[in-house]
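J.: For reference, the structure I am asking about is given below.
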Amino acid sequence: MDLERIKEPLMMAFMEDNKKNNGPSHITDLIIITIKSLMPSQKDRGVNIDYRRYVEEIKLWKHYRHGQNPSLMNIVTNIDSYIYWHNRDDTVLLRIIPIVLANEDYSITREEIIKNVLFTTGNMETIIEALLIAKLLHLIIMDEGDVIDSLKREIINLSQVEFMANYQNHFRAPMEDYKGEFSIDFERFKIYALNVLNLSFTRWFESLQDCIRVYRDNIIGNSTIGKCIGASLTKKYGYDANLANCYNSLGTYVYRLRKGRIDPEALKIEKYDLPDVFQFDEGDIFFHSLLNWSKVIKKEETDNEIITYLDTKLGTYKLVR
Numbered sequence: 082m083d084l085e086r087i088k089e090p091l092m093m094a095f096m097e098d099n100k101k102n103n104g105p106s107h108i109t110d111l112i113i114i115t116i117k118s119l120m121p122s123q124k125d126r127g128v129n130i131d132y133r134r135y136v137e138e139i140k141l142w143k144h145y146r147h148g149q150n151p152s153l154m155n156i157v158t159n160i161d162s163y164i165y166w167h168n169r170d171d172t173v174l175l176r177i178i179p180i181v182l183a184n185e186d187y188s189i190t191r192e193e194i195i196k197n198v199l200f201t202t203g204n205m206e207t208i209i210e211a212l213l214i215a216k217l218l219h220l221i222i223m224d225e226g227d228v229i230d231s232l233k234r235e236i237i238n239l240s241q242v243e244f245m246a247n248y249q250n251h252f253r254a255p256m257e258d259y260k261g262e263f264s265i266d267f268e269r270f271k272i273y274a275l276n277v278l279n280l281s282f283t284r285w286f287e288s289l290q291d292c293i294r295v296y297r298d299n300i301i302g303n304s305t306i307g308k309c310i311g312a313s314l315t316k317k318y319g320y321d322a323n324l325a326n327c328y329n330s331l332g333t334y335v336y337r338l339r340k341g342r343i344d345p346e347a348l349k350i351e352k353y354d355l356p357d358v359f360q361f362d363e364g365d366i367f368f369h370s371l372l373n374w375s376k377v378i379k380k381e382e383t384d385n386e387i388i389t390y391l392d393t394k395l396g397t398y399k400l401v402r
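No gaps in the numbering here: position 182 of the sequence shown is 263 in this note's numbering, and each next residue is one more.
Structure, rendered in structure tokens:
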């Protein structure tokens with residue numbers, strides 16, 4: 082599998098987010114956090130999310146975030162059930178890209194996609210849309226035929242009984258707080274998704290519709306995820322070279338994970354060392370399990386907040402409390 086073939090959809094996600102927001106937004110933040118939390122399995126050839134690290138990364142993220150949405154802010158505070166079950170998280174469809182790219186085995190990809198979506202939202206449309214777009218990207222990368230038929234089988238075989246049995250423990254809010262009938266909505270959104278795959282487009286699954294049009298008609302796409310799908314299809318590696326340099330190593334890293342070239346022992350954090358970064362003064366150097374060795378290069382304090390600028394291996398962070 083060609084390195085650039087794997088990197089292209091990820092690079093496109095970064096490029097589009099920077100272009101639309103005049104710099105990285107919370108979407109880029111969450112893609113990077115997802116990449117940093119990927120861990121090669123020691124049981125099989127697959128890559129999973131290390132959720133202990135994911136949780137700690139999210140806690141740190143709230144201090145340096147380049148934006149936010151209600152779903153993300155909901156999980157860094159006391160979780161509001163209505164937001165969890167009904168709000169859509171605009172980071173989901175982009176942050177699942179590295180999960181797809183890091184895994185050759187779709188059964189592992191599928192498991193990790195569902196768990197990762199449920200980490201921030203239980204929105205039924207988002208769950209099903211993420212699952213189908215993830216499979217679409219997987220099939221394109223693997224050059225497999227009968228893509229639409231494969232997507233139809235995926236949604237037809239999506240069993241509500243198996244879903245509840247396998248993933249209920251990953252819900253972040255009580256099921257009894259779901260407004261509506263979960264079982265009815267589950268089947269209803271399956272029908273909506275099938276309608277999209279049968280080219281009977283509705284007001285639901287707008288991003289999936291865009292991706293299907295991109296795949297079917299060989300167009301550029303309107304959504305960011307649609308453009309990522311298009312980049313995988315065209316195999317044209319043409320993105321802004323200067324901006325890509327910022328993210329190039331992340332794409333290579335995901336490719337190496339896919340090929341099993343990274344020892345999980347090298348990534349494992351045996352004991353988390355997470356000092357309060359705001360306790361340090363200018364010039365202080367300290368170790369942080371998520372940031373590695375860091376130096377405070379500037380610190381500002383007012384009556385309302387503390388701003389700390391850190392020089393780290395991954396670049397400069399501006400953290401606010």
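Even for Gly, the Cβ is constructed at its ideal location relative to N, Cα and C.
(1) I'd like to check one pair, E192 with F286: are the Cβ atoms closer than 8 Å?
(2) Classify I46 as buried or exposed, calling it buried when 16 or more other Cβ atoms lie within 10 Å of its own Cβ.
(3) Taking the continuous alpha helix (DSSP H) assigned at Y398, which residues delimit it?
(4) Going by beta-carbon coordinates alone, are L391 and I113 separated by less than 8 Å?
(5) Tell me the DSSP secondary structure of L391 in three-state form.
(6) Would you mind stating whether I209 and F270 have Cβ atoms separated by less than 8 Å?
(7) How far does the beta strand (DSSP E) with P121 in it reach, from first residue to last?
(8) So who's on the other strand from S375, going by DSSP bridges?
(9) Buried or exposed for L242, going by 16 or more other Cβ atoms inside 10 Å?
(10) Apply the 10 Å Cβ neighbour rule to Q249 and answer buried if 16 or more other Cβ atoms are within range, or exposed otherwise.
(11) Shortest alpha-carbon distance to L175 belongs to which of K308, D224 and S240?
(12) State the DSSP-derived secondary structure class of I343, mapped to helix, strand or coil.
(13) Quick check on the burial criterion: 16 or more other C-beta atoms within 10 angstroms. Buried or exposed for F200?
(14) Taking 8 Å as the cut-off, decide whether the C-beta atoms of T333 and L153 are in contact.
(15) Could you tell me how far apart the beta carbons of A211 and V198 are, in whole angstroms, since I believe they sit closer than 8 Å?
(16) For Y163 and Y259, what's the separation of their Cα atoms in angstroms?
(17) According to DSSP, simplified to helix, strand and coil, what is V277?
(18) Any idea which residues DSSP pairs V128 with across the strands?
(19) Is the distance from the Cβ of R402 to the Cβ of E381 below 8 Å?
(20) Straight-line CA distance for S231 to T190?
(21) How would you write the range of the alpha helix (DSSP H) that M93 sits in, first residue to last?
(22) Quick one: what's got a C-beta closer than 6 Å to V128's C-beta in the same chain, skipping five residues either side?
(23) Report all residues from its chain with a CB closer than 6 Å to the CB of I388; omit the five preceding and five following residues, and keep chain order.
(24) Nearest-angstrom Cα distance between E262 and I272?
(25) Locate the alpha helix (DSSP H) running through G261, then write down its first and last residues.
(26) Label Y353 either buried or exposed according to how many other C-beta atoms from any shown protein chain fall within 10 Å of its C-beta, with 16 as the threshold for buried.
(27) Can you look up K380 in the DSSP assignment and give me helix, strand or coil?
(28) When the Cα atoms are used, what is the spatial distance from V181 to L278?
(29) Starting from N155, trace the alpha helix (DSSP H) both ways and give me its first and last residue.
(30) So, is N159 buried or exposed, given that buried needs 16 or more other C-beta atoms within 10 angstroms?
T.: This is what the structure gives:
(1) no
(2) Coverage of the chain is limited to positions 82 through 402, which leaves residue 46 absent and any answer about it impossible.
(3) Note, Y398: premise wrong, no alpha helix (DSSP H); beta strand (DSSP E) at G396 to V401.
(4) no
(5) strand
(6) yes
(7) L119 to P121
(8) F367
(9) According to the sequence as given, residue 242 is Val; it is not Leu. Exposed.
(10) exposed
(11) K308
(12) coil
(13) buried
(14) no
(15) 5 Å
(16) 7 Å
(17) helix
(18) P121
(19) no
(20) 15 Å
(21) L84 to N102
(22) L119, P121, A183, N184 and L338
(23) E381 and V401
(24) 16 Å
(25) Here G261 belongs to no alpha helix (DSSP H), and DSSP marks it neither H nor E.
(26) exposed
(27) strand
(28) 20 Å
(29) P151 to I156
(30) exposed
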